[in-house]
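All letters in the sequence shown, in the order written, are residues 7 to 412 by this note's numbering. Cβ atoms here follow ideal geometry from the backbone N, Cα and C, with glycine treated the same way. See structure below.
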Amino acid sequence: MPRPGQVKPVTDARLSDRIAIGLLTRTFPPELVDRVIADSGRTGQRDRLLPPRVVMYLVLAMCLFTGQGYEEVARLLTEGLSWAARWTRPWRVPTTAAISRARVKLGTEPLKALFEQVARPLAEPSTRGSWYRHWRVLAIDGTTFDVPDTAENAERFGRPGSGRSAARGDRAAFPQVRVVAVAECGTHAITAATLGPITKAEATLAKGLFSALGEGELLIADRGFAGLPLWRAASAGGADLLWRVRANIVLPVRQELPDGSYLSEIVATADYYRRRDPVTVRVVEYTLDDPGRPAQAAPYRLITTILDHRKAPAKELAVLYCQRWEIETALDELKTHQRGPGQVLRSRSPDGVEQEIWGHLLVHYAIRFLMHTAATEQRLDPDRLSFTRTLRLARRQTSAQAGFSP
7 MPRPGQVKPV TDARLSDRIA IGLLTRTFPP ELVDRVIADS GRTGQRDRLL
57 PPRVVMYLVL AMCLFTGQGY EEVARLLTEG LSWAARWTRP WRVPTTAAIS
107 RARVKLGTEP LKALFEQVAR PLAEPSTRGS WYRHWRVLAI DGTTFDVPDT
157 AENAERFGRP GSGRSAARGD RAAFPQVRVV AVAECGTHAI TAATLGPITK
207 AEATLAKGLF SALGEGELLI ADRGFAGLPL WRAASAGGAD LLWRVRANIV
257 LPVRQELPDG SYLSEIVATA DYYRRRDPVT VRVVEYTLDD PGRPAQAAPY
307 RLITTILDHR KAPAKELAVL YCQRWEIETA LDELKTHQRG PGQVLRSRSP
357 DGVEQEIWGH LLVHYAIRFL MHTAATEQRL DPDRLSFTRT LRLARRQTSA
407 QAGFSP
């Protein structure tokens with residue numbers, strides 16, 4: 007209700023246009039959301055109960071408040087709006103069926119397009135833990151999401167098969183979606199992602215992520231990505247690479263370097279013996295002297311595009327490779343803390359599953375954006391802040407700010 011002495015004028019504006027969703031509207035302003043929706047051809051009528059912009063924010067809020075039903079999420083965004091009677095067209099909480107139909111009409115493209123427009127590296131030159139010398143440090147890795155066991159999801163995404171269960175003809179409990187992502191190691195911000203069926207390997211999906219890489223960036227990857235075609239694709243834009251390779255790959259010594267590394271070459275699998283059209287790489291080999299680890303049968307081997315040992319000494323690169331675990335942490339934040347441990351995505355259709363995953367990626371980026379902003383203001387390393395506590399803060403902020411006209 008209005009404060010004493012304040013007059014609330016009647017207006018033709020819709021209440022749904024005034025919904026504030028805290029962190030989400032700060033990271034994804036309504037103007038940007040409207041533009042993405044228009045570019046995707048999903049613009050709806052202004053007087054509908056669930057116009058596309060509201061549906062976009064509902065999908066994001068659904069990924070923020072995992073485990074809550076559609077109607078409960080809508081209530082969290084609108085509770086406390088006791089002054090709604092002043093609106094000529096008051097907005098009421100839509101039914102679950104109405105929200106489901108609106109999600110289908112919205113589709114996947116607007117969420118994916120919004121992520122591609124917004125998701126950028128966050129680290130500034132002063133951001134701690136985000137740089138190695140002049141390089142911005144990134145890492146690539148993959149993960150999977152369990153999705154509801156429907157015939158459509160199983161046909162689109164497939165089921166994982168492994169070992170004895172596959173030999174017996176057993177099937178996994180749920181279909182799975184594979185997601186491959188690039189993250190900024192210092193901020194844990196996921197800056198690029200792609201998804202596909204579980205039947206596609208991480209290396210296959212990764213091909214679509216390298217176009218955004220450029221000079222001044224250093225991409226770390228584990229041995230699952232090593233291969234000449236991916237190596238060329240990832241370095242084509244000028245980015246430098248630091249990838250681990252399997253112990254059985256032949257890397258002939260072409261030139262030994264003063265820091266203990268050496269120059270070698272990699273070739274395509276088909277040219278393994280003839281070694282045609284090779285690409286020169288620098289190899290760093292090392293072992294870990296850790297009593298808590300089992301003895302290594304072979305040393306770790308890294309290959310890099312940085313051929314000059316003076317620009318990146320071998321010992322520094324061996325230490326730097328440990329930063330690859332930062333993307334493991336980012337994916338754990340996304341799956342375990344934000345989505346919830348062991349939870350299955352809620353969408354029963356393939357398009358809904360993809361829409362939901364893009365929503366989760368957007369929410370994770372929004373939280374990491376908030377954490378980076380707070381860390382920058384306090385001159386802290388973003389790793390010093392707790393993702394879980396920030397997630398709880400974002401949820402409280404969302405439901406609290408939704409009760410007031412922004």
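Name the DSSP beta bridge partners of residue i, please?
i, result
"Thr310", "Leu248 and Arg288"
"Ile196", "Ala189"
"Trp137", "Arg142"
"Glu322", "According to DSSP, Glu322 bridges with nothing at all."
"Glu262", "Tyr268"
Can you name the start and end residues of the alpha helix (DSSP H) that residue i belongs to?
i, result
"Ser106", "Thr102 to Leu112"
"Pro235", "Leu234 to Ser241"
"Pro36", "Pro36 to Asp45"
"Asn159", "Ala157 to Phe163"
"Arg32", "Leu29 to Thr33"
"Phe121", "Glu115 to Val124"
"Leu128", "Looking at the DSSP string, Leu128 is not in any alpha helix (DSSP H), and its letter there is neither H nor E."
"Asp338", "Trp331 to Asp338"
Along the beta strand (DSSP E) that carries residue i, what are the first and last residues, could you check?
i, result
"Thr149", "Trp141 to Asp152"
"Tyr268", "Tyr268 to Ile272"
"Leu224", "Glu223 to Ala227"
Using the three-state DSSP reduction, which class does residue i fall into: helix, strand or coil?
i, result
"Val369", "helix"
"Arg48", "coil"
"Leu294", "coil"
"Arg184", "strand"
"Leu201", "strand"
"Glu208", "helix"
"Gln74", "coil"
"Ala400", "helix"
"Leu351", "coil"
"Arg174", "A caution first: Arg174 carries a pLDDT of 48, below 50, which makes its placement in the model unreliable, though a value can still be read off. Of the three classes helix, strand and coil, the one that applies to Arg174 here is coil, per DSSP."
"Pro58", "helix"
"Gly169", "Its pLDDT being 48, under 50, Gly169 is placed unreliably in this model, and the coordinates cannot settle the point."
"Arg390", "helix"
"Asp283", "coil"
"Ala304", "coil"
"Arg385", "coil"
"Arg395", "helix"
"Val5", "A query on residue 5 cannot be resolved here, the shown segment of the chain reaching from 7 to 412 and no further."
"Val99", "coil"
"Ala380", "helix"
"Arg316", "coil"
"Ala179", "coil"
"Arg421", "Lying before the first or after the last residue shown, residue 421 is absent from the chain, which here runs from 7 to 412."
"Gly220", "coil"
"Pro15", "Note that Pro15 has pLDDT 39, beneath the 50 cutoff, so the model's placement of it is unreliable and no number is given."
Could you tell me how far apart the beta carbons of residue i and residue j are, in whole angstroms, since I believe they sit closer than 8 Å?
i, j, result
"Leu308", "Leu294", "Actually they do not touch by this definition, with Cβ atoms about 13 Å apart."
"Ser270", "Arg282", "Actually they are not in contact, since the Cβ atoms of Ser270 and Arg282 sit about 16 Å apart, beyond 8 Å."
"Ser353", "Glu362", "5 Å"
"Leu211", "Arg184", "6 Å"
"Tyr327", "Ile255", "Contact doesn't hold; Cβ gap of about 16 Å is too wide."
"Lys213", "Leu236", "7 Å"
"Cys69", "Val359", "That pair is no contact at about 12 Å."
"Ile272", "Pro284", "7 Å"
"Ala125", "Ser136", "Not quite, the Cβ-Cβ distance comes to about 16 Å (not below 8 Å), so this is no contact."
"Ala318", "Ile312", "5 Å"
"Val290", "Thr310", "7 Å"
"Asp228", "Arg250", "5 Å"
"Glu208", "Val186", "5 Å"
"His436", "Thr394", "For residue 436 there is no data in the structure shown, the boundaries of the chain being 7 and 412."
On the three-pair Cβ rule with 8 Å, is the region 151-165 touching the region 327-338?
no
Spell out a yes or no on whether the region 38-51 and the region 103-117 are touching, meaning 3 or more CB-CB pairs, one atom from each, closer than 8 Å.
yes
Does the region 99-109 touch the region 139-152, meaning 3 or more C-beta pairs lie closer than 8 Å?
no
Say whether the region 369-379 touches the region 190-205, bearing in mind that this needs 3 or more beta-carbon pairs closer than 8 Å, one atom from each stretch.
Contact holds: three or more Cβ-Cβ distances are below 8 Å.
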